[in-house]
Amino acid sequence: MKLLKKARAGTLESGDIFVTVEPSDRLEITLESPVKEQYGEVILQTVHKLLDELGLESGLIVLSDQGALDCTIEARLTTALRRASDRGEDA
Amino acid sequence: MRRSLLFIPGNRPNMIQNGEVLPADALIFDLEDSVPAGDKDAARDLVAGALRALDFGSRECVVRINDLDTKEAKTDLDAMVRAGIHTIMVPKVRGAETIRSIASLLSDAEGAHGRQEGSTALIALLETAWGIENAMEVALASARVTGLALGGEDLSADLGCPRTKEGWEIFYSRARLVMAAKAAGMDALDTPFTDVHDFEGCERDALFARGLGFTGKLCISPFHLKAIHQAFAPSQEEIDRAAEVVRAMREGEKAGKGAVSLRGKMIDLPVVRQAERVLALAKAAGLLDDKELDHDPR
Chain A
6 MKLLKKARAG
16 TLESGDIFVT
26 VEPSDRLEIT
36 LESPVKEQYG
46 EVILQTVHKL
56 LDELGLESGL
66 IVLSDQGALD
76 CTIEARLTTA
86 LRRASDRGED
96 A
Chain B
44 MRRSLLFIPG
54 NRPNMIQNGE
64 VLPADALIFD
74 LEDSVPAGDK
84 DAARDLVAGA
94 LRALDFGSRE
104 CVVRINDLDT
114 KEAKTDLDAM
124 VRAGIHTIMV
134 PKVRGAETIR
144 SIASLLSDAE
154 GAHGRQEGST
164 ALIALLETAW
174 GIENAMEVAL
184 ASARVTGLAL
194 GGEDLSADLG
204 CPRTKEGWEI
214 FYSRARLVMA
224 AKAAGMDALD
234 TPFTDVHDFE
244 GCERDALFAR
254 GLGFTGKLCI
264 SPFHLKAIHQ
274 AFAPSQEEID
284 RAAEVVRAMR
294 EGEKAGKGAV
304 SLRGKMIDLP
314 VVRQAERVLA
324 LAKAAGLLDD
334 KELDHDPR
């Protein structure tokens with residue numbers, strides 16, 4: 006997967022996560038979360054696992070978490086990455 | 044059992060996760076009207092992820108896909124089948140052809156994702172004059188169809204009449220839908236009551252629907268679930284009568300009788316099925332347990 010443009014997904018509502026992604030020549034992930042101390046590691050593991058599955062090696066990823074479940078984090082990141090890339094939903 | 048089917052907007056994660064604890068018989072994750080056009084892809088990802096990861100227990104999981112005439116519908120179907128959905132709600136069904144097209148797309152998706160062909164059920168949402176007039180052919184269009192549901196808001200708009208709480212503008216449509224659903228042996232599901240804060244109005248509306256023969260009701264607010272369940276709970280008299288029928292049938296089977304009578308009247312299969320349904324509703328409403336059924340008060 007290759008990022009071609011800036012894109013975002015999600016909201017800042019409780020239980021959601023707002024994700025922004027954009028092309029870059031390096032991989033940089035920024036996480037803001039009220040539960041970062043307790044769950045920051047777990048959230049980043051979820052993010053890295055998905056990036057590995059999608060074969061994404063570079064990009065700027067900013068996550069504003071509002072207490073989202075793992076499945077919500079995966080879904081929002083998937084949407085944002087797809088919107089930023091050349092991949093369709095079947096890919 | 045489909046007494047209550049609660050719509051949940053497909054792009055609201057907090058509402059989706061609440062579905063794990065809400066006492067609805069079925070959850071309808073909505074990809075259609077409650078999701079803005081620019082967020083269809085996001086809602087699809089969110090609902091598919093929730094279906095895979097969350098535990099909705101015994102609740103039937105339904106997804107309302109987008110209209111077959113849109114480019115979203117096929118992608119919705121493929122994503123939901125891949126995520127293991129039980130039932131698809133098809134909006135704006137006009138006739139048998141809509142159902143046949145959806146059934147064909149479902150077969151393709153089931154084949155592509157290793158699911159048994161025919162394993163995904165359909166609920167047809169009738170919300171146009173065409174749909175209502177074609178209710179019977181819709182019900183019979185595919186073995187996948189397990190229920191007909193009424194969309195009163197869109198239907199009123201199509202009829203060009205105001206939607207009222209009394210609902211006389213949709214009376215014919217309700218009756219027509221119930222007749223087709225019952226003739227085809229499937230669920231008849233009433234339109235949602237849309238005043239979220241009027242609990243008594245919701246119960247009245249649900250009681251009226253039950254009186255017409257509806258088996259359950261669509262719902263847009265968790266606050267309406269209690270009113271709907273109360274309306275669809277059988278009375279003690281109905282429970283006692285149903286228990287009597289089932290006991291008589293059991294005794295007849297034990298005695299090896301082919302035909303059974305109760306108080307001088309033959310009990311035929313439709314009566315037994317209705318009695319079993321009343322007892323199932325009573326159990327769901329917490330009004331009966333199996334021990335009570337085994338105990339004969341005579």
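Chains A and B supply the protein sequences, listed in that same order.
Count along the first sequence from 1, then add 5; that gives the number in the working numbering.
Count along the second sequence from 1, then add 43; that gives the number in the working numbering.
Virtual Cβ for every residue (Gly too), placed ideally from N, Cα, C.
Note that the coordinates shown come from a computational prediction; the quantities given were computed from them, not determined experimentally.
Next on the checklist: Counting only Cβ pairs nearer than 8 Å, list the residues of chain A close to Arg95 (chain B).
Outcome noted: Cys76
Next on the checklist: What does DSSP give as the partner residue(s) for Lys297 (chain B) in the beta ladder?
Outcome noted: Its beta-bridge partners do not exist; DSSP assigns none.
Checklist entry - With distances taken between CB atoms, is the gap from Thr25 (chain A) to Ala73 (chain A) smaller than 8 Å? => result no
Item to check | Proximal residues to Pro235 (chain B) (C-beta, below 6 Å), its chain only, five neighbours per side dropped | outcome: Leu261, Cys262 and Ile263
Checklist entry - When the distance is taken between beta carbons, is Phe266 (chain B) closer than 8 Å to Ala249 (chain B)? => result no
Checklist entry - the ligand GDP heavy atoms versus the CB of Val105 (chain B): any closer than 7 Å? => result For the ligand GDP, the structure offers nothing, since it holds no ligand at all.
Item to check | Straight-line gap, Thr163 (chain B) to Val136 (chain B) (C-alpha atoms, nearest Å) | outcome: 17 Å
Item to check | Proximity of His156 (chain B) and Arg107 (chain B) at Cβ, strictly below 8 Å | outcome: no
Item to check | Contacting positions in the stretch 52-84 of chain A - beta carbon closer than 8 Å to chain B | outcome: Ala73, Leu74, Asp75, Cys76, Thr77, Glu79, Ala80, Arg81, Thr83 and Thr84
Checklist entry - Any idea which residues DSSP pairs Cys262 (chain B) with across the strands? => result B:Leu49
Next on the checklist: Taking CB distances under 8 Å as the criterion, tell me whether Pro52 (chain B) reaches chain A.
Outcome noted: no
Checklist entry - Going along chain B, which residues have a C-beta under 7 Å from Ala14 (chain A)? => result Ala85
Next on the checklist: Considering only their Cβ atoms, is the gap separating Ala223 (chain B) from Ala286 (chain B) smaller than 8 Å?
Outcome noted: no
Checklist entry - Counting contacts by CB-CB distance shorter than 8 Å, is Asp88 (chain B) in contact with chain A? => result yes
Item to check | Start-to-end residues for the alpha helix (DSSP H) that takes in Phe275 (chain B) | outcome: Leu268 to Phe275
Item to check | Endpoints, the alpha helix (DSSP H) within which Gly154 (chain B) is located | outcome: Ala139 to Ala155
Checklist entry - Quick one: does Asn13 (chain B) have its CB under 8 Å from some CB of chain A? => result One cannot answer for residue 13 (chain B) here, as it falls past the ends of chain B, which runs 44 to 341.
Checklist entry - Would you report the Cα separation of Cys104 (chain B) and Leu94 (chain B), rounded to the nearest angstrom? => result 8 Å
Next on the checklist: Under DSSP, the beta strand (DSSP E) around Glu79 (chain A) begins and ends at which residues?
Outcome noted: Run containing Glu79 (chain A): none in the beta strand (DSSP E); it sits in the alpha helix (DSSP H), Asp75 to Ala89.
Checklist entry - In terms of residues, what are the limits of the alpha helix (DSSP H) holding Ser19 (chain A)? => result Run containing Ser19 (chain A): none; DSSP gives neither H nor E here.
Next on the checklist: Checking 8 Å against the spacing of the C-beta atoms, do Arg81 (chain A) and Ala14 (chain A) come in under that value?
Outcome noted: yes
Next on the checklist: Considering just the uninterrupted stretch of the beta strand (DSSP E) at Asp230 (chain B), what are its terminal residues?
Outcome noted: Asp230 to Asp233
Item to check | Assigned exposure category for Leu9 (chain A) - 16 Cβ within 10 Å defines buried | outcome: exposed
Checklist entry - Of all Cβ atoms in chain A, is any one closer than 8 Å to the Cβ of Pro56 (chain B)? => result yes
Next on the checklist: Which same chain residues end up closer than 7 Å to Asn54 (chain B) when comparing Cβ atoms and leaving out the 5 residues on each side of it in sequence?
Outcome noted: Val78, Asp82, Ala85, Ala86 and Leu89
Next on the checklist: Run through chain A and tell me which residues come within less than 7 Å of Gln60 (chain B), C-beta to C-beta.
Outcome noted: Gly20 and Leu74
Checklist entry - Ala226 (chain B) and Met179 (chain B) look like a contact to me (Cβ under 8 Å); what is the Cβ gap, rounded to whole Å? => result 7 Å
Item to check | Ser162 (chain B) (DSSP reduced to helix, strand or coil) | outcome: coil
Checklist entry - Under the DSSP definition of a beta bridge, which residues are partnered with Lys308 (chain B)? => result B:Leu305
Item to check | Cα-Cα separation between Leu55 (chain A) and Pro56 (chain B), rounded to whole angstroms | outcome: 19 Å
Item to check | Entirely enclosed alpha helix (DSSP H) segments - the stretch 56-127 of chain B, minimum 4 residues | outcome: 56-61, 83-96 and 115-125
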